[in-house]
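**Q** Quick one: the structure is below, questions incoming.
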Amino acid sequence: MWRFKCLVAGVLMLFIGLLVFVTLTAYTRKSGNTGLDMAKIHLLRLNADK
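In the numbering used here, the protein residues as written are 5 to 54.
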């Protein structure tokens with residue numbers, strides 16, 4: 005039973021780690037022409053709606 009718990013915990017940690025990695029990569033990756041990252045683009049869109 006303890007092996008199953010360790011396996012489930014390991015898979016869960018791997019999935020969460022992958023999710024964090026993909027999120028950080030997406031938000032710090034520079035855009036093609038403008039050279040902005042995702043956070044700056046999000047702020048520009050947010051300010052444009054006001």
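The beta carbon of each residue, even a glycine, is placed where N, CA and C say it ideally should be. Just so we're clear, the structure is a prediction, and the values are computed from it rather than from any experiment.
Specify, as a first and last residue, the run of the alpha helix (DSSP H) that R49 falls within.
**A** Counting from one through the sequence shown, the residue named residue 49 turns up at place 45. Segment M42 to A52, the alpha helix (DSSP H) holding R49.
**Q** If you drop the 5 nearest sequence neighbours on each side, which residues of the same chain put their C-beta closer than 7 angstroms to that of D53?
**A** Indexing the sequence shown from 1 puts residue 53 at position 49. Excluding residues within five positions, none has a Cβ falling inside 7 angstroms.
**Q** At which residues does the alpha helix (DSSP H) containing G21 begin and terminate?
**A** Stepping through the sequence shown from its first residue, residue 21 is reached at position 17. It spans W6 to T32 - the alpha helix (DSSP H) in which G21 sits, taken as one unbroken run.
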